[in-house]
Structures are given as structure tokens and as C-alpha cells.
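Colleague:
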Amino acid sequence: MAQDDTPAAKTLDKVTVTGSLIPQTQIETATPVTVISAEDIKARGFSSVTEVLQKNSMSTGGVQGAQTSASFTQGAETVSLFGLPPGYVKYLIDGRPMSNYPALYNGSDTFNNISGIPVDLIERIEILPGGQSSLYGSDAIAGVINVILKKSMDGAVFTIRGGGYSEGGGGSFRASIADGWTSADGRVSVLGGIQHEERDPIWGYQRDLTKQFNPNGYSPALASRDFLVYSPFTSYKFLDPNNCQNVTGLFGGTEGLQNRPGFGDGKYCGSFNTAGYRTIMNEKTSTQAYIHGTFDVNDNMQLYADALYSYDQVKYHSGSGYLWWGTGADFGYFYDPNLDDLLNLQRAFAPEEMGPGGFNNTMSRDKSKSLRVTFGAKGVFGGSNWDYDLGGTYTEYKLDENSFVRYAEAADNFFINRVLGPQQGLDPYYDAYPVFTPNYAAFYRPITAEEFASFTGRAITKSKTSDSMIRAQVTNGTLFTLPGGDAGLAVVAEFGKQKWDYNPDPGYLDGSIWGQTSVAGGGDRDRYAVTSELRLPIWEPLTISLSGRYDAFKAGSRTIDKPTYAVSFEYRPFDSLLVRGKYGTAFRAPTLSDLYQGNSGYYSSVPDYYQCSKIGFGPDNIDACPAALSNRQFFGTQSGNVGLKPINADVWSAGVVWSPVDRMALTVDYFNWDISDEVTQQSANGLSLQDYRCRTGIDDINSPLCQSTLSQVTRNAAGMITSIYTPKINVSNQQLEAINASFNYGYDFGSWGDLNLRTSFTQKLRHKYQQYAEDSYADLLNDPYWSADPKRKADGSLTWQKGDFSATWYVNWFDATPNYAATISDKGYAGNRAQKFGSYSRHNASVSYRLFDGMDLSLMVNNVFNKMPPYDFSYPGTSSAPYNSYNFDVYGRAYYIEMRYAFGNK
Numbered sequence: 000m001a002q003d004d005t006p007a008a009k010t011l012d013k014v015t016v017t018g019s020l021i022p023q024t025q026i027e028t029a030t031p032v033t034v035i036s037a038e039d040i041k042a043r044g045f046s047s048v049t050e051v052l053q054k055n056s057m058s059t060g061g062v063q064g065a066q067t068s069a070s071f072t073q074g075a076e077t078v079s080l081f082g083l084p085p086g087y088v089k090y091l092i093d094g095r096p097m098s099n100y101p102a103l104y105n106g107s108d109t110f111n112n113i114s115g116i117p118v119d120l121i122e123r124i125e126i127l128p129g130g131q132s133s134l135y136g137s138d139a140i141a142g143v144i145n146v147i148l149k150k151s152m153d154g155a156v157f158t159i160r161g162g163g164y165s166e167g168g169g170g171s172f173r174a175s176i177a178d179g180w181t182s183a184d185g186r187v188s189v190l191g192g193i194q195h196e197e198r199d200p201i202w203g204y205q206r207d208l209t210k211q212f213n214p215n216g217y218s219p220a221l222a223s224r225d226f227l228v229y230s231p232f233t234s235y236k237f238l239d240p241n242n243c244q245n246v247t248g249l250f251g252g253t254e255g256l257q258n259r260p261g262f263g264d265g266k267y268c269g270s271f272n273t274a275g276y277r278t279i280m281n282e283k284t285s286t287q288a289y290i291h292g293t294f295d296v297n298d299n300m301q302l303y304a305d306a307l308y309s310y311d312q313v314k315y316h317s318g319s320g321y322l323w324w325g326t327g328a329d330f331g332y333f334y335d336p337n338l339d340d341l342l343n344l345q346r347a348f349a350p351e352e353m354g355p356g357g358f359n360n361t362m363s364r365d366k367s368k369s370l371r372v373t374f375g376a377k378g379v380f381g382g383s384n385w386d387y388d389l390g391g392t393y394t395e396y397k398l399d400e401n402s403f404v405r406y407a408e409a410a411d412n413f414f415i416n417r418v419l420g421p422q423q424g425l426d427p428y429y430d431a432y433p434v435f436t437p438n439y440a441a442f443y444r445p446i447t448a449e450e451f452a453s454f455t456g457r458a459i460t461k462s463k464t465s466d467s468m469i470r471a472q473v474t475n476g477t478l479f480t481l482p483g484g485d486a487g488l489a490v491v492a493e494f495g496k497q498k499w500d501y502n503p504d505p506g507y508l509d510g511s512i513w514g515q516t517s518v519a520g521g522g523d524r525d526r527y528a529v530t531s532e533l534r535l536p537i538w539e540p541l542t543i544s545l546s547g548r549y550d551a552f553k554a555g556s557r558t559i560d561k562p563t564y565a566v567s568f569e570y571r572p573f574d575s576l577l578v579r580g581k582y583g584t585a586f587r588a589p590t591l592s593d594l595y596q597g598n599s600g601y602y603s604s605v606p607d608y609y610q611c612s613k614i615g616f617g618p619d620n621i622d623a624c625p626a627a628l629s630n631r632q633f634f635g636t637q638s639g640n641v642g643l644k645p646i647n648a649d650v651w652s653a654g655v656v657w658s659p660v661d662r663m664a665l666t667v668d669y670f671n672w673d674i675s676d677e678v679t680q681q682s683a684n685g686l687s688l689q690d691y692r693c694r695t696g697i698d699d700i701n702s703p704l705c706q707s708t709l710s711q712v713t714r715n716a717a718g719m720i721t722s723i724y725t726p727k728i729n730v731s732n733q734q735l736e737a738i739n740a741s742f743n744y745g746y747d748f749g750s751w752g753d754l755n756l757r758t759s760f761t762q763k764l765r766h767k768y769q770q771y772a773e774d775s776y777a778d779l780l781n782d783p784y785w786s787a788d789p790k791r792k793a794d795g796s797l798t799w800q801k802g803d804f805s806a807t808w809y810v811n812w813f814d815a816t817p818n819y820a821a822t823i824s825d826k827g828y829a830g831n832r833a834q835k836f837g838s839y840s841r842h843n844a845s846v847s848y849r850l851f852d853g854m855d856l857s858l859m860v861n862n863v864f865n866k867m868p869p870y871d872f873s874y875p876g877t878s879s880a881p882y883n884s885y886n887f888d889v890y891g892r893a894y895y896i897e898m899r900y901a902f903g904n905k
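Using numbering that gives the first Met the number 0, you'd call the opening residue of the sequence shown number 0 and step up by one each time.
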């Protein structure tokens with residue numbers, strides 16, 4: 000439902016809104032739409048599109064971002080509606096799809112990065128919850144988000160904004176200018192704008208919760224192991240004759256002799272403060288340019304075109320825990336004959352060893368460039384009632400991930416020459432491990448910036464997505480007359496081509512980069528679709544709408560197709576009440592990464608059901624089988640799968656809108672999703688079990704199922720499992736029920752000013768997930784082991800305006816969430832130290848004042864009370880962030896001052 004300041008359930012000139020292809024006069028229709036205007040964004044203190052969407056009450060799911068160090072997309076931003084995957088949201092700009100982000104969320108899933116949309120050039124954002132594939136095609140399972148940019152202006156507007164955080168870091172500056180021009184005869188209209196933004200990072204050491212390893216956990220705080228020698232037999236061995244004195248100047252003078260009881264002699268060189276050497280907010284520099292223009296050829300035809308270009312550079316650091324070197328990666332262990340023991344060396348690199356700038360020199364730098372161009376013609380066929388719109392859209396997203404790396408050969412040679420010395424054959428016990436007699440005193444010493452530079456450098460991974468589309472639409476808003484009014488029809492045809500390429504630096508693939516790997520992939524496909532919508536006002540209180548769509552994707556020699564449909568109704572028993580409902584299907588086509596992602600390896604363990612059965616232990620008592628068989632380690636390979644089929648969903652909703660008086664509206668909408676055939680990695684356990692069934696004759700070993708299974712489970716000459724191939728498959732299911740409600744009220748107090756209240760509330764009623772067919776359903780709503788998302792979330796704002804002055808107070812609230820202990824135990828809240836945190840809220844405030852005609856000044860304070868996450872004492876002392884970064888952040892109070900000047904406007 001339209002949650003803007005216009006009185007609900009009223010009429011206006013016919014317009015096309017998100018959720019329908021047919022222009023109509025009703026603001027409220029069968030499909031709920033939440034509208035967030037540019038004025039709302041400013042008044043609530045939001046500084047980005049990401050913040051607007053993540054604070055919305057429907058965004059109940061936590062997502063990875065700047066705080067999730069070493070995630071695959073730490074430089075990107077996204078949102079989760081109702082706790083569903085980020086890829087289940089269809090993002091549009093002016094009604095046309097956005098290009099996908101080239102890197103993969105969590106290393107496996109395609110999604111959209113919303114950080115590059117210029118917030119100063121937005122007219123409004125429309126959020127359309129529920130399945131919408133019958134109009135918008137693939138991905139529209141959780142909902143559709145349509146960002147609508149400005150289309151007209153009376154004159155130039157210049158905006159400048161700056162601010163920062165009271166706790167330090169995160170200082171930002173943003174400036175934008177936009178101008179519009181219309182020819183004297185009104186036939187030509189052009190609008191252009193540019194926005195530039197710069198933001199400093201926030202480092203972990205700038206916040207109390209993240210500046211050191213957890214001092215208040217259930218176990219004692221433990222310092223990082225920055226200079227460590229350890230053995231598989233005797234654990235830690237401290238071999239520094241100087242007791243760490245040579246390295247005490249590292250990490251800001253916090254490095255020193257540390258002790259971990261229970262690990263050999265327990266001694267090593269480390270620091271409690273290395274935890275703070277990571278970014279928790281990305282550094283950012285971005286520029287966006289936008290132009291839109293129209294030309295009225297005649298009364299029946301208008302040409303249009305627009306372009307949006309975005310350049311975005313983000314810098315971030317995963318932390319000192321990801322910047323180290325050790326012998327284990329290359330040798331497994333080495334043998335020291337003087338100690339008669341197998342050993343490993345492990346050492347971190349400190350900012351003092353990196354030269355001036357320290358960790359700033361080793362930050363990752365993601366540069367992205369995106370382009371979106373749309374052009375076409377629209378108008379009316381002669382004097383008929385048929386409108387047309389024929390246009391083309393091209394979008395592309397280029398990403399360069401510039402990462403700081405250690406070169407394997409150079410790093411190994413440096414430490415061999417400095418510490419290990421020449422190899423002296425192989426060990427006398429296993430004849431497998433190299434023999435060295437290291438200079439341990441040299442190991443416990445800093446290196447120079449020049450030495451550090453001799454084995455480090457940068458590697459660039461280049462990736463790109465593109466999507467081209469030709470789209471034709473014909474619409475007749477008065478097709479024929481029914482008792483309730485004019486019937487309307489819209490028909491759309493689309494044809495396009497999609498591409499995805501991910502090309503890592505060769506060093507990630509051939510092993511020449513130390514300690515890091517990547518996966519290449521790429522592919523393209525053609526797509527085409529036909530959509531129709533029919534709106535039928537059966538009689539004055541009742542309108543029925545029907546929509547259907549057929550999508551097809553041709554990838555190689557295979558075509559993946561999917562029809563979807565929806566039926567909806569609007570019933571108005573009287574003017575102030577609307578009852579509405581909708582039932583339909585939705586889907587997500589296999590993404591190009593799902594189809595073409597390359598092979599990647601991993602290690603895991605699995606019960607070898609076949610070998611256990613040979614010694615008398617069946618699947619029903621596998622726990623009694625010897626550990627060497629019941630916990631058999633294997634090398635796994637995962638990849639995309641060109642045989643994937645679409646993810647399917649049945650979605651329905653029902654709701655009411657009540658508007659008894661002007662500027663007052665209450666809405667309540669119920670949503671239900673039943674999602675099947677979700678993509679997940681094939682179960683190694685399930686393959687081992689099926690392998691047992693085939694080899695023991697329970698299933699026909701010559702059947703296609705068994706032949707496929709035997710080709711995926713590899714055994715050595717002794718019959719032991721050595722490797723398993725686990726590609727992506729369609730197997731998972733998900734069920735979700737939720738309610739979204741809003742209450743809006745405005746009242747004019749005359750000389751006392753005008754008051755406007757807007758609130759929104761979302762509650763998830765049921766959320767279940769089944770990963771594999773043999774699994775029982777997991778309760779994502781009540782079992783914290785599976786989900787830490789809140790059940791309920793709300794936000795609201797109260798705005799008072801009097802003359803040239805306005806003030807807004809905004810509140811964002813969500814319900815109780817589990818602590819860390821509850822999320823790691825299969826016992827949930829019954830686990831040791833498990834509990835719930837109470838509900839959590841933050842407040843923003845803003846004031847604006849018009850100094851004179853055209854000149855506005857605004858002050859925004861976000862997180863007014865400087866509220867931090869609740870301290871989670873159930874984290875261990877090894878944690879560097881004792882809070883849930885998916886639900887909370889440690890940024891603290893932010894201040895912004897904004898000046899807006901409209902040239903020539905009054």
C-alpha cells in the first residue's frame with residue numbers, strides 16, 4: 000500500500016505505479032506498495048539507499064557487509080526482505096532491472112549491490128512485498144524494489160553535506176548538483192545531475208567493543224599468536240632467547256610475551272590489540288552522473304533517453320588475522336633434528352613492518368563502474384485508446400578487486416634464507432617432512448618495510464556482468480466498459496542477453512599467491528519473455544486483476560522456461576475501506592553463476608556407510624563404527640550445474656486498508672510463501688549413503704541414480720573414500736508467513752503547525768527451512784541455531800512543520816534476538832550460556848530551517864543516544880567482536896549538517 004502523505008483510498012489522475020502495468024486512478028490497489036519519498040529520506044537522517052532499505056521494517060534479515068571481515072563481498076551492500084536470501088529481491092531503476100554485482104554473495108549466490116545509487120537524485124523508492132514474477136519475471140520472490148530517479152526540475156539545486164561519528168572515524172562529505180531545462184515550446188525537457196561522496200573508514204581500534212580481544216567473555220581473553228612455534232606432539236614451544244623483547248614495538252607497542260595454559264609450554268609473542276586492526280566501515284569514494292531527457296515529436300509520440308553512470312571505490316581491511324605467513328601451508332610440518340620434533344612456524348605482520356601508513360598500505364581496494372542506458376519512444380497509436388512504449392536498456396557492472404597478497408615463492412624463500420636455512424633431507428620417521436635447523440632468534444624479530452615489500456604485492460581480479468534488453472509494451476486503459484468502470488489491458492514482450500564473467504588473478508589459481516584461492520567462471524544466455532495484465536472492474540466495489548508471464552532462458556543448447564501467473568482482487572464496500580487479496584506464482588531462474596561457476600575444492604569429513612556396513616555397522620548405528628570410518632576425511636569439489644531448474648514459489652497475500660478521515664490510513668497485510676527447489680550444494684552425507692545402497696545391492700547398481708552416484712564418490716585402491724563431487728542442486732524448501740501493518744496520520748493545527756505520523760510494523764509468523772529431502776524442517780523463527788533474525792521489526796517517524804521550520808524524530812526497533820551461545824548449539828536456548836537479548840531501538844533526529852527563499856539548512860543526528868550493541872558475554876575470549884554484526888553495528892552517534900540551495904526557486 001502507498002504509505003505516502005497523500006490521503007489513502009482516494010483518486011488521482013491515471014498513473015502507472017509499481018505493481019501494475021496499467022495506469023489507474025486509485026492510490027491503493029490489490030498490491031501493497033510502500034513509498035519512501037526523497038523528503039522522508041532526508042528527514043529520517045538516512046545517508047544512503049542501503050540505509051533506507053535496511054532500516055525498513057520489512058528488512059528483517061541480517062546480511063553480510065562492511066563488518067563481516069573476509070566475507071566474499073565485504074565491499075558491497077544489499078538487503079534481505081523478510082529474512083529471505085538477498086537474491087530473492089528484484090531491483091529496478093525507473094522500472095528497468097539493475098545489473099547484478101559480478102562477485103558472489105557468500106561465494107555462491109548472485110545479488111545486487113545497492114551502494115552505487117545516488118541518494119540525492121532520487122525522487123522516491125517503492126517497495127512491493129511478495130511474489131511478483133507474473134509482472135517482473137525472475138528473482139521477484141521476496142518482493143520488488145523500484146528506485147525512481149528525478150525526471151523534472153524547475154531550476155538548479157545544489158546540496159552539500161558533511162559529518163562524522165562522535166566515537167571517531169567515518170567522516171564523510173557529499174555534494175550534488177542537479178538542474179533541469181525545458182524548451183520554450185515545452186517539447187524538449189532535460190534533467191542532469193552529479194553526486195560525489197567521500198567517506199573515511201572506521202577501524203576496529205576506534206571502538207571499545209572491537210579494539211581488543213574480548214576481555215569479558217566466558218573464557219579469559221587470549222592474545223593473538225603473532226610469533227608462534229608449535230608441534231603436533233608437544234604443542235607450543237617457545238624458542239626465543241630474548242623473550243619477545245625484539246618485537247615489543249609492534250602493533251603500537253602492545254606486542255609481548257603471552258601465555259595460553261594447556262598448550263605445551265604455553266608461551267608465544269602476541270598482543271591483545273591486534274583485533275582492532277581491521278575496518279568495520281569501508282572507506283569510500285564514489286561519483287554518480289545522471290541525465291534524463293524527452294522530446295515530443297508530436298502529440299502522439301515522445302522520445303526519451305536516460306543514462307546513469309556510477310564509479311565506486313571502497314577500501315577495507317580484513318585484519319591482521321588474515322595477513323600472516325607460516326610453514327604449515329607448504330610443508331605440513333618440518334623436522335628439527337636438534338629438538339627431535341616436527342614443528343611449524345607462524346607469524347603475523349605488523350603495521351610497523353609495512354612502512355609509513357601501516358595497514359592503510361595493505362587495504363583491499365574494490366573499484367566498480369556501472370552504466371545504465373535506456374532509450375525509446377512512447378505515445379498513442381493515432382486517435383485510438385492504445386498506448387505504446389518501445390525501448391531498449393543496457394546495463395553493465397565492471398568490478399576490479401585489487402587485493403594485497405603474499406607471493407608464495409618469494410615469501411617462502413625469504414623465510415628460508417632468514418630463518419630456516421638450507422633443507423637437510425627428509426625426516427627420519429616418516430620420510431615425508433623436510434629437515435631444517437632454524438635460527439629461531441631471527442624468527443622472533445621484525446622485518447623492514449623493504450623486506451616486507453620483497454614478497455608482497457597486489458593482485459587484481461576482474462569481473463563483469465551485463466544485461467541488454469529490448470522491450471515493447473502496448474496498453475489500453477479503456478478496452479471496454481464494465482459495470483464498475485473501464486477494463487484495462489497491457490501486453491509486454493522482452494528480449495535480452497545476459498553475461499557474467501569472473502576472472503581471478505592467475506596467481507590465485509596456480510598457487511603462486513600464498514594462502515589464498517579463488518574460482519573462475521563465466522557464461523551468457525539469451526532471454527525472452529511475454530507478459531500480460533488484465534484489469535476488470537466487475538462492478539463498482541469489486542475489481543479483479545489477472546496477470547501472466549512466460550520467461551525463457553537459452554543457455555547453450557538448453558532452454559530453461561517458466562510460466563507464472565497471479566490473480567488479485569480489490570473490494571471496496573464503502574469509500575473508506577479496501578479489502579484486497581492476491582494469489583500467484585513466482586520463480587528464480589538459475590543464475591549464470593549457478594550454471595557456470597568453476598570447480599573449487601574443500602576438505603570435510605563424512606561417514607563411510609559402505610565400509611562401516613562391511614564390519615557390521617549399518618546407517619542406524621553408524622555412531623558405533625570406528626572413527627576412522629565414521630568420520631572419514633575427504634577432499635570435496637563443488638561447482639555450478641548446467642542442469643539446474645528454476646526455484647519455484649507459491650505466494651499469496653490478503654489485507655485491508657482503512658481510511659476513515661482525511662490523512663489517516665491503517666493497513667494490515669498478510670503474506671504467505673511456499674518456496675521449493677531452492678539451490679544448495681549437494682549433500683556429501685547423502686551421496687555416501689546412496690553409494691552404500693548401490694554397492695550393497697539395496698538399489699540397482701546399474702540404474703542411472705547409482706551410476707551417477709558412483710561417478711561422484713571416488714575411492715582408492717583400498718576402497719576408502721578419497722573425494723566427493725558436490726555440485727549445486729535443486730533440493731531445498733522454505734515456508735514463510737508474515738504480517739506487515741502501517742498507520743499514518745496527519746493533522747493541521749493551524750498556527751501551531753502541521754503534524755505527520757508514519758509507522759510501519761512487520762512480524763514473521765512462521766519460517767521453516769528444509770535443506771535436504773531427508774531432513775526435517777528447521778524452525779527459523781524459534782530455533783536460534785538456524786537463524787538469529789528478529790521476529791518483529793518496526794520503524795516510525797513524527798514530523799512537525801511550522802512555517803520555515805520542520806523537525807523529525809525517527810525510531811527504528813526490532814524484537815529480541817539470541818546471544819552467541821544460542822546460535823552455536825543445536826539445543827538452542829536450552830544450550831549452555833544461551834539466552835535472548837531484549838528488544839533494541841535507535842533514534843534519529845533532524846531539524847531543518849529555511850533561511851530565505853531557496854536556502855535550507857538541516858542538522859541530522861543519527862543514533863541520538865549513542866546506543867551500542869548489547870555486550871554478548873557468551874562469546875569466548877578469542878572473539879574480536881562480541882556482538883552479532885548481522886543485527887547490530889558499533890558505529891555510534893553520527894552528526895550531519897546539510898545545506899541545500901535552489902537557484903532561482905522560491
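For every residue, glycine included, the Cβ atom is placed at its ideal position computed from N, Cα and C.
Per DSSP, residue 287 forms a beta bridge with which residues?
Modeller: Paired residue(s): 194, 309.
Colleague: Determine contact between the stretch 456–468 and the stretch 396–416, defined as no fewer than three beta-carbon pairs at a distance below 8 Å.
Modeller: Enough Cβ pairs lie closer than 8 Å, so yes.
Colleague: Between 867, 878, 772, which has its C-alpha nearest residue 165's C-alpha?
Modeller: When only C-alpha atoms are compared, the closest one is 867.
Colleague: What does DSSP give as the partner residue(s) for residue 433 in the beta ladder?
Modeller: The partner list for residue 433 (beta bridge, DSSP) reads 425.
Colleague: Bridge partners for residue 562 per DSSP, in chain order?
Modeller: 549.
Colleague: Whose C-alpha, out of 803, 646, 657, 466, is nearest the C-alpha of residue 729?
Modeller: The residue with the shortest Cα to Cα distance from residue 729 is 646.
Colleague: If you draw a straight line from the alpha carbon of residue 211 to that of residue 273, how long is it in whole angstroms?
Modeller: For residue 211 and residue 273, the distance between alpha carbons rounds to 7 Å.
Colleague: Considering only residues of the same chain and omitting the five flanking positions on each side of residue 779, which have a CB-CB separation below 6 Å?
Modeller: Result list for residue 779: 766, 768, 785, 786, in chain order.
Colleague: So, residue 585 versus residue 550, is the Cβ gap smaller than 8 Å?
Modeller: Taking 8 Å as the Cβ cut-off, residue 585 and residue 550 do not qualify as a contacting pair.
Colleague: For the beta strand (DSSP E) holding residue 279, just list the boundary residues, first then last.
Modeller: Its beta strand (DSSP E) spans residues 278–280.
Colleague: To the nearest whole angstrom, what separates the beta carbons of residue 759 and residue 731, a pair I think is in contact under 8 Å?
Modeller: The pair is not a contact, with the Cβ atoms about 30 Å apart (cut-off 8 Å).
Colleague: Can you tell me which of 419, 244, 859 puts its alpha carbon nearest to the alpha carbon of residue 445?
Modeller: Selected option, being the one with the closest Cα: 244.
Colleague: Keeping to the same chain, check which residues put their C-beta closer than 6 Å to that of residue 423; ignore five residues upstream and five downstream.
Modeller: Answer for residue 423: 434, listed in chain order.
Colleague: When DSSP labels each residue in this structure, what does residue 359 get in the three-state scheme?
Modeller: In this structure, residue 359 counts as helix in the three-state DSSP scheme.
Colleague: Is it true that the stretch 736–754 meets the stretch 663–676, where meeting means three or more beta-carbon pairs spaced less than 8 Å apart?
Modeller: Verdict: yes, contact present.
Colleague: Determine the contact status of residue 47 and residue 98, defining contact as a CB-CB distance below 8 Å.
Modeller: No, they are not a contact pair.
Colleague: Ignore the nearest five residues each way along the sequence and tell me which others in residue 501's own chain have a CB closer than 7 Å to its CB.
Modeller: Result list for residue 501: 101, 462, 519, 520, 521, in chain order.
Colleague: In its own chain, which residues sit with a C-beta less than 6 Å from the C-beta of residue 700, not counting the 5 before and 5 after it?
Modeller: Cβ neighbours of residue 700 beyond the five flanking positions: 693.
Colleague: Decide yes or no for the touch test of the stretch 72–92 against the stretch 178–196: beta carbon pairs closer than 8 Å, at least 3 of them.
Modeller: No, the stretch 72–92 is not in contact with the stretch 178–196.
Colleague: Assign residue 827 to one of three DSSP states: helix, strand, or coil.
Modeller: Looking at residue 827 - three-state DSSP - the assignment turns out to be helix.
Colleague: Please state whether DSSP places residue 751 in a helix, a strand or coil.
Modeller: If DSSP states are grouped into helix, strand and coil, residue 751 belongs with the helices.
Colleague: Check each candidate in 80, 135, 556, 85 and name the one with the smallest Cα separation from residue 128.
Modeller: With distances taken between Cα atoms, residue 128 lies closest to 80.
Colleague: Assuming residue 90 contacts residue 239 under a Cβ cut-off of 8 Å, what Cβ separation, rounded to an integer in Å, is found between them?
Modeller: At roughly 55 Å, the Cβ-Cβ gap does not stay under 8 Å, so residue 90 and residue 239 are not in contact.
Colleague: Kindly indicate the opening and closing residues of the alpha helix (DSSP H) around residue 412.
Modeller: Here the alpha helix (DSSP H) through residue 412 covers 407–414.
Colleague: With H, G and I counted as helix, E and B as strand and the rest as coil, what does DSSP make of residue 529?
Modeller: Residue 529: strand per DSSP, three-state reduction.
Colleague: Can you find at least 3 beta carbon pairs, one from the stretch 489–500 and one from the stretch 521–540, that sit closer than 8 Å?
Modeller: Counting Cβ pairs under 8 Å, three or more are found: they touch.
Colleague: Check each candidate in 278, 276, 288, 237 and name the one with the smallest Cα separation from residue 264.
Modeller: Answer by Cα proximity: 237.
Colleague: Please report how far the alpha carbon of residue 320 lies from the alpha carbon of residue 431, in whole angstroms.
Modeller: Going from the Cα of residue 320 to the Cα of residue 431 covers about 29 Å.
Colleague: Let me know the secondary structure DSSP gives residue 620 once reduced to three states.
Modeller: DSSP places residue 620 in helix when its eight states are reduced to three.
Colleague: Taking the C-alpha atoms as reference points, what is the distance between residue 427 and residue 334?
Modeller: Spanning the two alpha carbons is a distance of roughly 9 Å.
Colleague: Any heavy atom of the ligand SAM inside 7 Å of the beta-carbon of residue 318?
Modeller: No copy of the ligand SAM appears in this structure; indeed no ligand is present at all.
Colleague: Between residue 280 and residue 350, is the Cβ-Cβ spacing less than 8 Å?
Modeller: No, these two residues do not count as a Cβ contact at 8 Å.
Colleague: Return the first residue and the last residue of the beta strand (DSSP E) that residue 157 is part of.
Modeller: Here the beta strand (DSSP E) through residue 157 covers 156–164.
Colleague: CA-CA distance, residue 344 and residue 362?
Modeller: Using only the alpha carbons, I get a separation of about 25 Å.
Colleague: Per DSSP, what kind of secondary structure is residue 879 in: helix, strand or coil?
Modeller: Residue 879: coil per DSSP, three-state reduction.
Colleague: If you scan the stretch 672–704 from start to end, which runs of the alpha helix (DSSP H) of 4 or more residues do you find wholly inside it?
Modeller: Listed in chain order, the complete alpha helix (DSSP H) runs (minimum 4 residues) inside the stretch 672–704 are 683–694.
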